[in-house]
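Numbered according to our numbering, the sequence shown spans residues 1 to 181.
What follows is one structure encoded as structure tokens, with my remarks underneath.
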Amino acid sequence: MSAEDRARWDDRYVQRAPATAAQVVLPAAFAPYAGTFPTTGHALDLACGRGQVAIWLARRGLAVTGYDISPVAIEQARELAVSCEVGEHCRFEVVDLDAGLPAGPAADVIVCHKFRDARLDQHVLNRLAPGGLLAISALSEVGAAAGPFRIKAGELEGAFSTLEVIGAGAADGEAWLLARR
């Protein structure tokens, strides 16, 4: 990612108030499946932003690693984890995912909320533990105009066709997939 892109994301997070404990929720698409998420193991949150999903997972009992390009977002995520009393269960790192997915242990849960880079698909599959859960959502052309970061209908299901689909949908410019390895 370019320095300008990183600065743009930093500016975006600086202009927003930091997330609060009340905002630590599972994204709406996955909320009906909350009970499907494990309560032990390791989770990976890609493009974690201010850390709300990672912290939700930590509250469930998982050890969570969150990656984001923005140092501002990562600092906000760390502060939120401490204020939610799960700081010891969360590790947040500034990572440029354009350079690939950092090496690490297999993950029992991988979350990619409103982020998808097709170049990472195989890496995500390789990191997902047997029986592991993938929760991914991305901007979609379904219910919205086409754009450079919008995926086509059925793209997530096709990219992760080796997984067992638990739920999937696309509407109002967002597509999502919940699937198990």
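Glycine included, C-beta positions come from ideal geometry on N, C-alpha and C.
Using a Cβ-Cβ distance cut-off of 8 Å, the stretch 54–61 and the stretch 112–126 are not in contact, since fewer than three pairs of beta carbons, one from each stretch, lie closer than that value. When only Cα atoms are considered, R78 and G41 end up about 20 Å apart. Secondary structure note for G158: its alpha helix (DSSP H) is the uninterrupted segment E155 to A159. In summary, D45 is buried, with 16 or more beta-carbon neighbours lying within 10 Å of its beta-carbon over all protein chains present. In this structure, the beta-carbon distance from L139 to F149 falls below 8 Å. Contact between R6 and I69 holds: their C-beta atoms lie close to 6 Å from each other, under 8 Å. Between W176 and A29, the gap from beta carbon to beta carbon is short of 8 Å. Taking the CA atoms as reference points, D172 sits about 26 Å from T20. When beta bridges are read from the DSSP output, I151 appears opposite S140.
Per DSSP, I55 is not a residue of any beta strand (DSSP E); the alpha helix (DSSP H) it occupies stretches across Q52 to R60.
Here H123 carries a helix assignment [DSSP, helix/strand/coil].
In this structure, Y33 and V72 do not form a Cβ contact; the two beta carbons are roughly 30 Å apart against a cut-off of 8 Å. In the DSSP assignment, I69 falls outside any alpha helix (DSSP H) and carries neither an H nor an E. Excluding residues up to 5 positions away in sequence, T65 lie with their Cβ nearer than 6 Å to the Cβ of R91 in the same chain. Per DSSP, the unbroken beta strand (DSSP E) holding V111 starts and ends at A107 to C112. Beyond the five residues adjoining it in sequence on each side, V94 comes within less than 6 Å, by CB distance, of P71 and I74 in the same chain, given in chain order.
Inter-residue distance for R60 and A145 is about 37 Å (C-alpha atoms, whole angstroms).
Nearest Cα to P130 within the set R180, P18 and A31: R180. Around the beta-carbon of A135, 16 or more other beta-carbon atoms lie within 10 Å, marking it buried.
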